[in-house]
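Peer 1:
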Amino acid sequence: MKLHFCIEYHTFYGQDLVLNVVTGRNMDDSDVAQYRMHTEDGICWKADIDYEAIPGSQLNYFYNVQVGDVEERCEWKVIPHKLLFNADNARSYTVFDHWRDIPENAFLYTSAVTNCVGGMKTEKPDIVDEEQCLCFKVRAPQLGAGDRLYVAGSDPALGAWKEKRALPMIRQGVNEWAITIDATKLADRRPEFKFLIKNPVKDYSPLWENCDNRVVELPVIDNGDAVVYELDEARFTFPPIRVAGTLVPLFSLRSDDSFGVGDFGDLKKMIDWVSTTRQKVLQILPINDTTATHTWADSYPYSCISIFALHPQYVDLRGLPTLKDKSRNYEFGMLRRELNSLAQIDYERVNKVKTAYLRLLYAQEGKSVVASREFKEFFIENEHWLVPYAQYCFLREQYGTADFSKWKGHEQWNEADRNALTSPRNKAYKSVEFYYYVQFVLSSQLKEAHEYAVSKNVILKGDIPIGVSRYGCDVWTEPRYFNLDGQAGAPPDGFSANGQNWGFPTYNWDAMIADGCKWWIRRFRNMANYFDAYRIDHVLGFFRIWEIPIHSVHGLLGQFSPALGMTREEIEGYGLHWQEDFFTEPFIADWVLERVFREHAEEVRQKYLEPTWGGRYKMRPEYDTQRKVEKAFEGKNSDTDIWIRDGLYALISDVLFVRDHKDPNRFHPRITVQMDFIYESLYDSDKAIFNRLYNDYFYRRNNQFWYQEAMKKLPKLVNATRMLVCAEDLGMVPDCVAWVMNELKILSLEIQSMPKDPKVTFGHLGANPYRSVSTISTHDMATLRQWWDEDWERAQHYFNSMLHQDGPAPHPLPGWTAREIVGRHLASPSMLCVLGIQDWMSIDERLRLADANAERINVPANPKHYWRYRMHIGIEELMKANDFNHNITDLIAQSGR
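When we follow full-length UniProt numbering, the leftmost residue of the sequence shown carries the number 1, and every step to the right adds one.
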């Protein structure tokens, strides 16, 4: 069969248009056949190819612009062009296309909207047997559930503009409708037409397009020809989609029969509650395996040991066969009731007991499970990560540590081991099969919960952490992707005056970009098996990460990476005389010691310091890094010891410039150094010069550079799936972040108490962009009730200026005030309004937790925080809280969500 492709695209000298025919499941380079197109005028491009097409099959393709063999620009590939071969007698297809950039309404093409909110299904077009076929294709993403698209036009074959004679179209793809017409019945070779919507249960039906009549100039169509017109998107005006939802960590869920921690069975129950209250989104925190030490330290959900593996603690034991050993079954039943009655999670006991249960069940059921067709399909699909993960887990247990540098002979994954670990007859396979079994069970249960959410029209929203554990399977398996001499974190902010040191290795983006970010693409596609929306944790890390030296404990000595460091000449160009030792070595003087250590100043001077030039001191070699100080004070927990330790940390970070981690001849101004002694020691004129340099560096110098860095990565990732992309864009946000997020149509995060505009105390909810997620607090923040009572003056300002209420603000926060705040957030223009379960409950004084401080999920300033918050009531009780649920339903209805 002959296929003729025609598209208008204005090119410049040296540019070629290339047709990319998708030959595999994905649209990676290995799954694409390329055909260079030809042109006579640089505008109209054509390509002719021979293709064996079976009636009823389809062809996916996209266009890109190349200069030589280098891609310069590409279409939006999330929803590629689709050609359906439904003309039985066709010997050739001629397709008239148009270039597709990412649309402004890209969110309408996400699975969150089409599969969950809309519940839309594609239809298979009938095979037609006309000799001459004309096909119209159009994308109509505005259509909702129950809507059908029709076409009507001037020609009698198109209904002569009569609504009752309009021709029904078929939804053949994601938001794409098509109709095939017998071209011999068209009297007009230049027909005018429009699309319209019919829905028998809607007042607006029928609804015509709000645009001029469409016109096409038909070519000569002979017998055996099929002509396909891909038309511009249908033009209908509907109110924008706005939905409400709840954020709750999966581990925080509680039900009558859960096992001391939320699980995938509880997730389905929570979906029921979300659906009952007319919400459309359920957002959870990361659920990847974090098991490194088998202690409560593993409770930190953002330190995963695998970007693919799910945490075994989330297994729903109710969904598995019971143990045949009745005594053990009774024993586990008693443990379940004991652990489930706890106010908070006992992380270590829960995981120990659940793992023991899974091992017994594996011994009982494992043989039949791994022999099943479902397991074999799972294994084939996930083998690339599952095999090294299982080996990693086995070695972690064998050596008693996740520090793989101590695994003699196994310090790095050996691909040669894969064959033995995938053959059931091999002893090595038997040693790791348990981990295959557990991940199969977890994946099956989460997929079931996801499918249940879709059936309830609920968007399940996941979370992608920015980092991975330094001693995790990903680093062990593919170390080339990581910089192990750095630590990822965040600069100082409202959460932490010393910055945050997450301990994760930073990414080797050069290596990742060199292979097309395959590691990230695999990660996102795997997540699409379970979620229809996701939150990119710390999206700023894709522009630049805050990289902290491995010898630092706090984040103050970090620098943005990558970043354009400053040369000595550039610094002097601002008028600041360069003094390298003075600017880059810790500033320690007697007056500094007296102010930091007071009565302990002499002890510090004698034990930890040695004198240097100009009446100053330097740290003794055995204490000259924060890690050395940390080790020296290990186990010393008295108030005095902590005072001295933290004071020494502060001395070490008291520098005006940080030397670049890669180029020793470039420097970065130290973050928030204006709060330190070295800045205080400067002349006022030098302070003014430094402040100008500081502001230029952090807010202007790197903007274009960081934009380019992000555009090397993020387009590949957000276009890898149809999930709705939301980003956590809080912190020290450079201007270029908004440029990229707008270009890629990523939803921002809007928190009224943390406005993006530094000139205001609280943001105005009415100014929220539509492409955003509005919330009151995140898991890293105090809840609404907490922050209201933490700072009475701030709460008073909010009460008067935002709620427009007179008089003193009431304390503690009453339910009616909380309801007003929640209602205003729901009324914002944001596409999503997702509130933490604690903030929802704040509106009901009888239901909410008595102690507001017990609602806190995480304290970012504490790197050793124990993540153990649980809902204080079960989901079953929540379902019966009629007054509370009706309150939520009313608020959502009033907001138009």
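Beta carbons: idealized from backbone N, C-alpha and C, even for Gly. Quick caveat: nothing in here was measured; it's all calculated off a predicted structure.
#1: Comparing alpha-carbon positions, which option in K367, T477, G467 lies nearest Y436?
#2: For R692, does the count of other Cβ atoms within 10 angstroms reach 16, so buried, or fall short, so exposed?
#3: Start and end of the beta strand (DSSP E) containing F884?
#4: Rounded to whole angstroms, what is the Cα-Cα separation between I536 and N26?
#5: Just tell me which of P156, L134, K121 has its CA closest to the CA of G144.
#6: Below 7 Å CB to CB, which residues in the same chain sit around L335 once its five sequence neighbours on both sides are set aside?
#7: Using only CA atoms, which one of T584, E602, E585, F582 lies nearest to W591?
#8: Any idea which residues DSSP pairs K618 with across the strands?
#9: Thinking C-beta only, is P312 closer than 9 Å to L442?
#10: Ordered along the chain, which non-local residues of its own chain (more than five positions away) have a Cβ less than 8 Å from that of R91?
#11: Could you please give me the residues that DSSP links to A861 through a beta bridge?
#12: Just verifying my parser: in three-state terms, what is the DSSP assignment at V519?
#13: Entirely within the stretch 442 to 486 and at least 3 residues each: give me those beta strand (DSSP E) ranges in chain order.
#14: Using only CA atoms, which one of V32, Q487, N508 lies nearest to Y481?
#15: Less than 9 Å between the C-beta atoms of L784 and R897, yes or no?
#16: Nearest CA to the CA of N457: which residue from V113, Y61, R568?
#17: For a minimum of 3 consecutive residues, which ranges assigned as the beta strand (DSSP E) are wholly contained in the stretch 730 to 813?
#18: Can you give me the Cβ contacts of R701 inside the same chain, cut-off strictly under 7 Å, excluding the 5 residues immediately before and after it?
#19: Decide if P388 is buried, meaning its Cβ has at least 16 other Cβ atoms within 10 Å, or exposed.
#20: State the DSSP-derived secondary structure class of M169, mapped to helix, strand or coil.
#21: Please return the same chain residues whose Cβ sits closer than 8 Å to the Cβ of K406, not counting the five positions on each side in sequence.
#22: Inspect the beta-carbon positions of G333 and F264 and report whether they are closer than 9 Å.
#23: Judging by CA-CA distance, which residue of V475, C517, R523 is the nearest neighbour of R715?
#24: Select from L323, E383, I776, S252 the residue whose C-alpha is nearest the C-alpha of Y357.
#25: What is the rounded straight-line gap between the Cα of Y229 and the Cα of L84?
#26: Could you pull out every residue in the same chain whose Cβ sits closer than 7 Å to the Cβ of L576, ignoring the five residues on either side in sequence?
#27: Would you call the CB atoms of P240 and V215 closer than 9 Å?
#28: For the stretch 266 to 353, which segments carrying the alpha helix (DSSP H) assignment without a break, of at least 4 residues, lie completely within its bounds, in sequence order?
#29: So is F5 buried or exposed if we call it buried at 16+ other beta carbons inside 10 Å?
#30: Extract the residue ranges of the beta strand (DSSP E) inside the stretch 62 to 114, only unbroken runs of 3 or more that lie entirely within it.
#31: Spatial neighbours of D844 within its chain, please: C-beta separation below 8 Å, excluding the five flanking residues on both sides.
#32: Does D641 pass the burial test, meaning 16 or more other C-beta atoms within 10 Å, or should it be called exposed?
#33: Measure the alpha-carbon distance for K618 versus V315 and round it to whole angstroms.
#34: Assign L158 to one of three DSSP states: helix, strand, or coil.
#35: Do you know whose CA, among T625, Y574, I644, lies nearest Q606's CA?
#36: For a quick check, are the C-beta atoms of L446 and A533 less than 9 Å apart?
Peer 2: Reading from the atomic positions:
#1: The shortest Cα separation from Y436 among K367, T477, G467 belongs to K367.
#2: Taking all protein chains in view, the Cβ of R692 is surrounded by fewer than 16 other Cβ atoms within 10 Å, so the residue is classified as exposed.
#3: Boundaries for F884: no beta strand (DSSP E) harbours it, while the alpha helix (DSSP H) harbouring it runs 882 to 895, taken from the DSSP string.
#4: In this model, I536 and N26 are separated by some 22 Å (Cα to Cα).
#5: Of the candidates P156, L134, K121, the one whose C-alpha sits nearest the C-alpha of G144 is K121.
#6: V353, listed in sequence order.
#7: Of the listed residues, the one whose Cα sits closest to W591 is E602.
#8: Per DSSP, E610.
#9: Yes, Cβ-Cβ distance for L442 and P312 is below 9 Å.
#10: Taken in chain order, the residues that qualify are M1, K2, G224, D225.
#11: According to DSSP, A861 bridges with nothing at all.
#12: According to the sequence shown, residue 519 is Trp rather than Val. The answer is helix: DSSP assigns W519 an H, G or I state.
#13: Segments of the beta strand (DSSP E) lying fully in the stretch 442 to 486: 459 to 464.
#14: Of the candidates V32, Q487, N508, the one whose C-alpha sits nearest the C-alpha of Y481 is N508.
#15: Contact: no.
#16: Nearest of V113, Y61, R568 to N457, Cα basis: V113.
#17: If you keep only unbroken beta strand (DSSP E) runs of at least 3 residues inside the stretch 730 to 813, you get 748 to 751, 772 to 775.
#18: Contacts found: L564.
#19: Classified as buried, P388 has 16 or more neighbouring CB atoms from the shown chains inside 10 Å of its CB.
#20: Note: M169 maps to coil in three-state DSSP.
#21: Closer than 8 Å at Cβ, skipping near neighbours: Y399.
#22: No, the Cβ-Cβ distance between G333 and F264 is not below 9 Å.
#23: For the sequence presented, residue 715 should be read as Pro rather than Arg. Residue C517 is the option with its Cα nearest to P715.
#24: It is L323.
#25: Distance between the alpha carbons of Y229 and L84 is about 12 Å.
#26: Only D686, I689, F690, L693 meet the Cβ criterion.
#27: Their beta carbons are not under 9 Å apart, which means P240 does not touch V215 by this criterion.
#28: Within the stretch 266 to 353, the alpha helix (DSSP H) runs of at least 4 residues that lie entirely inside it are, in chain order, 326 to 340.
#29: F5 counts as buried, since at least 16 other C-beta atoms from the protein chains shown sit within 10 angstroms of its C-beta.
#30: Within the stretch 62 to 114, the complete beta strand (DSSP E) segments at least 3 residues long are 70 to 74, 81 to 84, 92 to 98, listed from N- to C-terminus.
#31: These residues qualify, in order along the chain: G815, A881, D883, F884, N887.
#32: Exposed, by the Cβ-count rule.
#33: If I take the Cα positions, the gap works out to 54 Å.
#34: Annotated three-state conformation of L158 is helix, per DSSP.
#35: Nearest option by C-alpha distance: I644.
#36: Result no, Cβ atoms of L446 and A533 do not sit closer than 9 Å.
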